[in-house]
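The number in the working numbering is simply the position in the sequence shown, starting from 1, with 412 added. See structure below.
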Amino acid sequence: MPMERHRYPDNWDEIATQVKEEAGWKCEECGKQCRRLGEPFDTHRRTLTVHHRDHTPENCERSNLVALCAPCHLRADKHHHVRTRKRRAEERRRHMAEHERAAAGAS
């Protein structure tokens with residue numbers, strides 16, 4: 413799921429870097445060492461991200477943030493993404509049904 417940047421505070425980059433620094437640039441789930449900011453890309457090192465435990469980007473309380481490598485972050489968000497996809501699909505179905513009813517009534 414793409415990052416909805418408008419939901420994050422202006423200083424998100426600084427917050428995320430601080431969380432990663434505090435974690436020693438290691439994933440707090442699997443313990444793998446990750447690439448530090450500015451290090452060249454290396455296929456043997458993972459990218460470290462910052463996960464919101466409550467899936468709310470506006471909530472940047474330190475207790476809500478955890479440094480995770482990309483694979484662990486995807487696993488942590490898996491159920492949230494499934495629920496979001498289902499909710500959006502239902503919203504699309506409802507919108508289409510309303511549109512079809514309106515079109516039928518206009519005929």
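Cβ coordinates follow ideal geometry from the N, Cα and C atoms, glycine included.
Setting aside the 5 residues that flank it on each side, Glu470 is surrounded in the same chain by Arg419, Tyr420, Pro421, each with a C-beta closer than 8 Å to its C-beta; the list follows chain order.
Within the DSSP secondary-structure output, Ala479 pairs in a beta bridge with Val462.
Looking from the CA of Ser475, the closest CA among Gly517, Cys481, His467 belongs to His467. When secondary structure is reduced to three states using DSSP, Cys484 falls in the helix class. Taking the Cα of Gln445 as reference, the smallest distance to any Cα among Glu512, Arg458, Ala488, Ala428 is reached at Arg458.
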